[in-house]
Amino acid sequence: MTVSIFVVDDESDVAELFRQRFRREVRQGTYAMHFANSGEDALGKLASGIEPQLIVILSDINMPGMDGLQLLDEIKQRFPDLPVMMVTAYGDDDRRRRASELGAFEFLTKPVDFDRLKEQLRQFLPASSPEAPH
Amino acid sequence: MKHLDKALVDGVARLPFQVQTKLLVAFLAIVVLLIALGAVGLQVLNSVSGQTARLIQLERKIAAYRQVQEDTLSQLYHVSSALLINDERSLDSALRQLNDFGYDVDRLQYVAKDEVAVLAKVRENYDALVAVVHKQVDQIHAGRIDAARETQNSEAQPVARTLERLTNELVNEAEADMVAGIDASEASSRTAQLWVILFALGSTGLALLLGRTISRSVVGPLGEIEARLSRIAAGDFDQHIAIANRDELGALAANVNRTSDQLGKLYQDLAQARDSARAALRDLRAAQASLIQAEKMASLGQLTAGIAHEIKNPLNFVNNFASLSVELLGELKETTAPAIATLDEDQRAVVADTTELLTGNLEKIVEHGQRADNIVKSMLEHSRGVSGERRGVDLNALIEEALNLAYHGARAQDSSFNITLERDYATSLAEIELAPQEMTRVFLNLFGNGFYAADKRAKASSSNGYRPTLSVTTRATEAAVEVRVRDNGIGIPPEIKTKLFQPFFTTKPAGEGTGLGLSISYDIVTQQHGGTIQVDSQVGEFTEFTIRLPRTQSAAAH
C-alpha cells in the first residue's frame, strides 16, 4: 500500500533532490511524493486532498510569504494528528524551540541525512505495508 | 661683636610685640633722647646765663665802688674849691656833692649787700666826712678860712684816704671775684659743651642702633620669607622658615609654612591624581584597543556567518546531487552491463574508462564538497547561539581532559609526534561557571596549535638539544581565573599577531587548517564568557596564550 509524503520548499531543486533520493521507493510503490513551493500552495493542495494517504509533511522554514512555522501552525489547526517535520538550514535554538511549541514532530537541519530520514519515515508506514528496502 | 649684634637683632625679633609697636617704641625712645638732649642744652644755657648775671652784678658792684671813690675825690675837690673861692655857690655845690655822695653810698648797700663789714666802715667814714664837710662849711661861713683849711688837711684828707682805701679794697675783691667767675664760667661752659656733644653723639648712636636693629629684625626675616616663597614657587615644599620673630613677621612666616605644607600636600595629591589619571588613560587606551579588536572580530564573525549561510544551501545541493550521481552512475553501470557486453572490446574499454572517470570526478566533487561543508559548519559555530549549557566546572579537570584528548589525537595523526607536557595547576581553584563543551574546544584548539608549532620547530631544527614542550598554568585571582598555554615552538611573527584571531587566517598549508580555530576560540572566550584572550610570542622562542575568565560573568554577549 502506497502512502504519500508531502515536501514544501520554495527551492525547486529540493523537489528534484527528494524525487531522486526516493526514486527507488517511488518505483517500488512505497511512497508517492507531493511537492509545494510555498505555504499557501501547500495549504491549497492539502485542502483539495492528497491521495493516497498522507503520512508526513516535510517543510522548509525560510520561505517567502507564509513561512514554515506559520504553515506548521495552520496545519496543526486543521490536521492535529498529521506529523510535520521542519527542515531548515538555520538550526538555531530559537527556531527549534518555536517549532517544538507549535507541535513539530521533528526538526531536521540541512543537509538532510536521507538515510536517517528514511529510517524515521518507516514508523509512519501502515502495519500492512511491505518492508521498504534500503 | 657679630654675636652680640645677632643676639640683639634676635632679641628684638623675639619680643612679642607687633612691628608697629616696636617702631613706635623706637621712635619714642629717639624723641625722648632728643628731649633729653634739649634739656641738657637748656641747662647749660641756664648756667651760662647765671654766670653772666653774676658777672654783670660784679661789674655793677665795681662801678658803684668806683663811683664812691670818685665821689670822695670830687668831695675833696669841691671843698677845696670852696676854700679857695669862698662863695655861696661853691659851698652849695660842695653840699650838693655831699648829697650825691650820700645816694651813691646808699646804692652801695643794694649793690653789695654781702659786704656788710666793709660797707659799715664805708658808711662810718662817709658819716665822718659829712661831719667834717659840715664843720668846714660852718668854718667858712664863719670866715675862718684857715681853720677850714686846717680841718681840710687834718680831718677831711685822712677820712677821704680811708674811704679810698676801703673802696679800693672792695674793687679789688670784686675784680678777683669776677676773674674767678669768668674762669668758673669758662670751665663749666666747656664741661657743658662736652656733655652736650657726648649726649648728642650718644643719642645719635642709640637712635641709629635702634633703627638698624629693628630694621634688621624686619628686613632679615622678610628676606628669608621672600627666598622661601621663591623656592615654593619653584616647587620646593620641604623646608620651613625658621625665624625668631614673635610679631607679624613670625605670624607671616608661620602662615607661609602652613601654606607651604598645604601646597606640598596638594602638590602631592595632584601628582598622585595625575599618575592615577595617566594610568587610567593607559588602561582606557588598552581597553579601547581591545574593544575595537572585539568589535572587528564580532563584525567579522557576523559576516562570516552570513557568508556561510549563503554558501551552505547551494553547497548542500552540490553535495547531494554529486553523491546521488555516484549512485545513479552505479545503477547505470548495472543496468547497461548486458548492453555494453555486446559492444566490441575497444568500445567497451572507452565506456568503462569514461564511466570510471565520471565516477572519480563525482567522488572528488563529493570529497571537496564535504571539505567545504566542514568549513561552513565551523563558520556557523560563530553565529550559533550559546548552545553549550553552563554549569559549575572544575577548570583544572576540564583542561587536563582536553590536554589528554589533544595529545592522543596528535599522536594518532602522526606517530612520530612527541612533546613534553608540563602542568602547573592552581590547587585552590574553585569551581567556575562556564560552558564546558565550548571551553574544551578552545583548549583543544590552543593545545593543537601549540603541538603544531613545537612539532614544526622540532622538524626544522637539526640539533638534538631541542625538546618540544607545552606547559599549562592555571592561576586564581580574586575576580578571575587565568590559564596560560605556552609552547616553545616556532613563535608568531609580530606582523601577523593582530590577524591571529581573524576568521580564515591560517599559517598552515592549504587543507590542514581552516583558519577558524582561534577565531572561534576568541568568540567563545570573549563573547560567551566575557573573558579575554591575549597572545605573547617571540619568534623561534615561544608562544603564550593567556585566557582570563571572570568568575562572575555579567552576561554572554549573544
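Those protein sequence lines, which keep their order, are chains A and B.
If you're matching positions, the first sequence starts at 47 in the numbering used here and goes up one per residue.
If you're matching positions, the second sequence starts at 2 in the numbering used here and goes up one per residue.
Beta carbons are placed, not taken as given, at the ideal position from N, Cα and C, and that holds for glycine.
* **Helix, strand or coil at B/Gln140 [DSSP, three-state]** => Position 139 of the second sequence, counting from 1, holds the residue named residue 140 of chain B. Of the three classes helix, strand and coil, the one that applies to B/Gln140 here is helix, per DSSP.
* To do: For B/Phe502, name the three-state secondary structure that DSSP assigns.
  => Indexing the second sequence from 1 puts residue 502 of chain B at position 501. Looking at B/Phe502 - three-state DSSP - the assignment turns out to be coil, as it is neither helix nor strand.
* Asked: What residues of chain A sit near B/Leu325, judged by a beta carbon separation below 8 Å?
  -> Here the question's residue 325 of chain B lines up with position 324 in the second sequence. Neighbours of B/Leu325 on chain A, chain order: Leu63, Gln66 and Arg67.
* Are the CB atoms of B/Met179 and B/Leu96 nearer to each other than 8 Å? -> As a first step, residue 179 of chain B must be located in the second sequence, where it is residue number 178. As a first step, residue 96 of chain B must be located in the second sequence, where it is residue number 95. Result no, Cβ atoms of B/Met179 and B/Leu96 do not sit closer than 8 Å.
* Does DSSP put B/Ile534 in a helix, in a strand, or in coil? -> If you number the second sequence from 1, residue 534 of chain B lands on position 533. If DSSP states are grouped into helix, strand and coil, B/Ile534 belongs with the strands.
* Nonlocal neighbours in the same chain, by C-beta distance under 6 Å from A/Asp55, ignoring five residues either side -> Start at 1 with the first residue of the first sequence, and residue 55 of chain A comes out as number 9. So the list reads Asp106, once near-sequence residues are dropped.
* To do: Kindly give me the distance between the Cβ atoms of B/Ala454 and B/Gly490, rounded to whole angstroms, as I take these residues to be in contact under 8 Å.
  => Position 453 of the second sequence, counting from 1, holds the residue named residue 454 of chain B. Position 489 of the second sequence, counting from 1, holds the residue named residue 490 of chain B. Going by Cβ atoms, the distance from B/Ala454 to B/Gly490 rounds to 3 Å, so yes, they are a contact pair.
* **Cβ-based neighbour list, B/Ser326, same chain, cut-off 6 Å, excluding 5 preceding and 5 following** => The residue given as residue 326 of chain B occupies position 325 in the second sequence. Contacts found: Leu363.
* Does DSSP put A/Pro129 in a helix, in a strand, or in coil? -> Walking along the first sequence from the start, residue 129 of chain A turns up at place 83. Three-state result, A/Pro129: coil.
* Among B/Thr360, B/Thr533, B/Ala398 and B/Ala30, nearest to B/Leu207 - alpha-carbon criterion -> For this step, residue 207 of chain B is matched to residue 206 along the second sequence. Measuring from the Cα of B/Leu207, the nearest candidate turns out to be B/Ala30.
* Asked: In the region 156-170 of chain A, which residues sit with their C-beta less than 9 Å from some C-beta in chain B, listed in chain order?
  -> Lys156, Pro157, Val158 and Phe160
* Exposed unless 16 or more other CB atoms sit within 10 angstroms - verdict on B/Val133 -> The count along the second sequence starts at 1 and reaches residue 133 of chain B at position 132. Buried is the call here.
* Asked: Relative to the C-alpha of B/Glu432, which residue among B/Asp11, B/Leu445, B/Ala403 and B/Arg476 is closest?
  -> Within the second sequence, numbered from 1, the residue matching residue 432 of chain B stands at position 431. Selected option, being the one with the closest Cα: B/Arg476.
* Is any beta-carbon of chain B found at less than 8 Å from that of A/Ala93? -> By 1-based counting over the first sequence, the position of residue 93 of chain A is 47. Not an interface residue.
* Exposure label - A/Arg141; buried when at least 16 CB within 10 Å -> Mapped onto the first sequence, residue 141 of chain A falls at position 95. Buried, since its Cβ has 16 or more Cβ neighbours within 10 Å.
* With respect to 7 Å, is the separation between the Cβ of B/Gly212 and the closest non-hydrogen atom of the ligand GDP below this value? -> This structure does not include the ligand GDP; it has no bound ligands of any sort.
* To do: Evaluate the contact criterion for the region 95-113 of chain B versus the region 197-207 of chain B: three or more CB pairs, one atom per stretch, below 8 Å.
  => no
* Determine the chain A residues that contact B/Asn317 at a beta-carbon separation under 9 Å, and present them in chain order. => Here the question's residue 317 of chain B lines up with position 316 in the second sequence. By Cβ distance, chain A contributes Leu63, Ala135, Lys156, Pro157 and Val158.
* Three-state secondary structure (DSSP) at A/Met47? -> Position 1 of the first sequence, counting from 1, holds the residue named residue 47 of chain A. Reduced to three states, the DSSP call for A/Met47 is coil.
* Would you list, in chain order, the members of the region 47-62 of chain A that have their beta-carbon closer than 7 Å to a beta-carbon of chain B? => Asp59
* Exposed unless 16 or more other CB atoms sit within 10 angstroms - verdict on A/Ser146 -> One-based indexing of the first sequence puts residue 146 of chain A at position 100. Exposed is the call here.
* To do: Step through the CB atoms of chain A and report whether any lies within less than 8 Å of the CB of B/Asn321.
  => By 1-based counting over the second sequence, the position of residue 321 of chain B is 320. Taking Cβ atoms only, chain A reaches closer than 8 Å to B/Asn321, which makes this a yes.
* Asked: What three-state label does DSSP hand B/Arg247 in the structure shown?
  -> Taking the first residue of the second sequence as 1, we reach residue 247 of chain B at position 246. Residue state, collapsed to three classes: coil.
* To do: Kindly identify the DSSP beta-bridge partner or partners of A/Thr155.
  => Here residue 155 of chain A corresponds to residue number 109 of the first sequence, with the count starting at 1. DSSP, once it has assigned bridges, lists A/Thr134 as partnering A/Thr155.
* Looking only at C-alpha atoms, which of A/Leu100, A/Gly114 and A/Gln66 sits nearest to A/Asn83? -> Counting from one through the first sequence, the residue named residue 83 of chain A turns up at place 37. A/Asn83 has its Cα closest to that of A/Gly114, out of A/Leu100, A/Gly114 and A/Gln66.
* Residues of chain A with a CB under 9 Å from the CB of B/His310: which are they? -> Position 309 of the second sequence, counted from the start, is the residue given in the question as residue 310 of chain B. By Cβ distance, chain A contributes Ala135 and Tyr136.
* Nearest-angstrom Cα separation, counted from B/Leu358 out to A/Ala61 -> The residue labelled residue 61 of chain A in the question sits at position 15 within the first sequence. The residue labelled residue 358 of chain B in the question sits at position 357 within the second sequence. Using only the alpha carbons, I get a separation of about 28 Å.
* Just the chain A side, please: which residues come within less than 9 Å of B/Lys457 by C-beta, in chain order? => By one-based count along the second sequence, residue 457 of chain B stands at place 456. None at all; the shortest Cβ gap to chain A is about 35 Å.
* Asked: According to a CB-to-CB cut-off of less than 8 Å, which residues of the region 501-524 of chain B neighbour chain A?
  -> none
* Buried versus exposed call for B/Tyr78 [16 or more other C-beta atoms within 10 Å across all chains shown] -> On the second sequence, position 77 is the one that residue 78 of chain B refers to. With fewer than 16 Cβ atoms within 10 Å of its Cβ, B/Tyr78 is classed as exposed.
* Alpha carbon to alpha carbon, how far is A/Ile121 from A/Lys164? Give it in angstroms, no decimals. => Translated into positions along the first sequence, residue 164 of chain A becomes position 118. Translated into positions along the first sequence, residue 121 of chain A becomes position 75. Approximately 22 Å between the Cα atoms of the pair.
* Identify the residues that DSSP records as bridge partners of B/Phe546: which are they? -> Here residue 546 of chain B refers to the residue found at position 545 of the second sequence. B/Phe546 is bridged to B/Val486 and B/Val536.
* Rank B/Thr527, B/Val486 and B/Gly307 by C-alpha distance to the C-alpha of B/Phe546 and give the top, closest one. => For this step, residue 546 of chain B is matched to residue 545 along the second sequence. It is B/Val486.
* To do: Taking B/Ala129 and B/Val160 to be in contact with their CB atoms under 8 Å, please state how far apart those CB atoms are, rounded to whole angstroms.
  => For the purposes of this step, residue 129 of chain B is taken as residue 128 along the second sequence, with counting starting at 1. For the purposes of this step, residue 160 of chain B is taken as residue 159 along the second sequence, with counting starting at 1. With a Cβ gap of about 5 Å, B/Ala129 and B/Val160 count as contacting.
* Taking the CB atoms as reference points, tell me whether B/Leu85 and B/Ala149 lie closer together than 8 Å. => On the second sequence, residue 85 of chain B is found 84 positions in, with the first residue counted as 1. On the second sequence, residue 149 of chain B is found 148 positions in, with the first residue counted as 1. No, these two residues do not count as a Cβ contact at 8 Å.
* Any Cβ of chain A within less than 8 Å of the Cβ of B/Lys313? -> On the second sequence, residue 313 of chain B is found 312 positions in, with the first residue counted as 1. Yes, B/Lys313 counts as interfacial toward chain A.
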